[in-house]
Amino acid sequence: MNEHHPYVIWARKVIEAYVKEKRKIDFDETLPKDLFNKKRGCFVSLHKSSGELRGCIGTIMPVYDNLIMEIRENAIAAATSDPRFPPLSPKELDDLVISVDVLSDLEKVNDINELDPKIFGIVVKSGYKRGVLLPDLEGVNTVEEQLRIVKLKAGIYKNEPIEIYKFTVERFF
Numbered sequence: 001m002n003e004h005h006p007y008v009i010w011a012r013k014v015i016e017a018y019v020k021e022k023r024k025i026d027f028d029e030t031l032p033k034d035l036f037n038k039k040r041g042c043f044v045s046l047h048k049s050s051g052e053l054r055g056c057i058g059t060i061m062p063v064y065d066n067l068i069m070e071i072r073e074n075a076i077a078a079a080t081s082d083p084r085f086p087p088l089s090p091k092e093l094d095d096l097v098i099s100v101d102v103l104s105d106l107e108k109v110n111d112i113n114e115l116d117p118k119i120f121g122i123v124v125k126s127g128y129k130r131g132v133l134l135p136d137l138e139g140v141n142t143v144e145e146q147l148r149i150v151k152l153k154a155g156i157y158k159n160e161p162i163e164i165y166k167f168t169v170e171r172f173f
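Numbered as in UniProt numbering, the sequence shown ends at 173 without a single skipped number.
As structure tokens, then:
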């Protein structure tokens, strides 16, 4: 898969510099800065070329001043701090497929009929517990499955009261 979008090119540069040299790089002018001026939450997902997940970290709402910083910090975290995986090693870089999902604003869901796991990601909250699931994930074909997975991720029990929020993403490869 060719990775040509500037968001993905930037994420790869960041990950390579950090994994090889433990160095956070500054944005370089070879990429169109105007694309990065917006302030959005984003997720950086790492997969092996076989399709197997290797890391995914993100922010639901923007934490940093712009998308340059949001992508940089989430890319480094996906490569080094996803608790499900050991930190990425330099030898894995050539087999890495990267995607960047830029999130819309969250919208409260009043009825689960508003949801579609192919179109909307969801955030589920119950008290201090919160889970997030991106849209259009392989194997997640129903709203019920989407809700089951996100509640499991958040540690929310079956009968706990929940609030649901939906969002869309622009996914870049």
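By construction, the Cβ of each residue, glycine as well, lies at the ideal position given by its N, Cα and C atoms. None of the values given here were measured: they were computed from a predicted structure.
- Annotation: the continuous alpha helix (DSSP H) that includes E16 extends over P6 to E21.
- About 5 Å separates the Cβ atoms of L103 and F167, confirming a contact at the 8 Å cut-off.
- Among the bridge pairs identified by DSSP, I98 is matched with L46.
- A direct Cα-to-Cα measurement between D101 and N159 gives close to 31 Å.
- Per DSSP, reduced to three states, the secondary structure at K125 is strand.
- Here the alpha carbons of I9 and A77 stand approximately 17 Å from one another.
- Nearest in C-alpha terms to F85, of all of G139, R54 and K151, is R54.
- Remark: C-beta atoms of I119 and I164 do not approach each other more closely than 8 Å.
- For I57, the uninterrupted beta strand (DSSP E) run begins and ends at L53 to G58, by DSSP.
- Taking 4 residues as the shortest admissible run, the region 105-168 contains the following complete alpha helix (DSSP H) segments, listed from N- to C-terminal end: 143-154.
- Under the three-state reduction of DSSP output, L35 falls in the helix class.
- The DSSP-derived three-state label of R171 is strand.
- The straight-line gap separating the alpha-carbon atoms of C42 and Y64 is approximately 11 Å.
- Residue pairing from DSSP places L103 in a beta bridge opposite V169.
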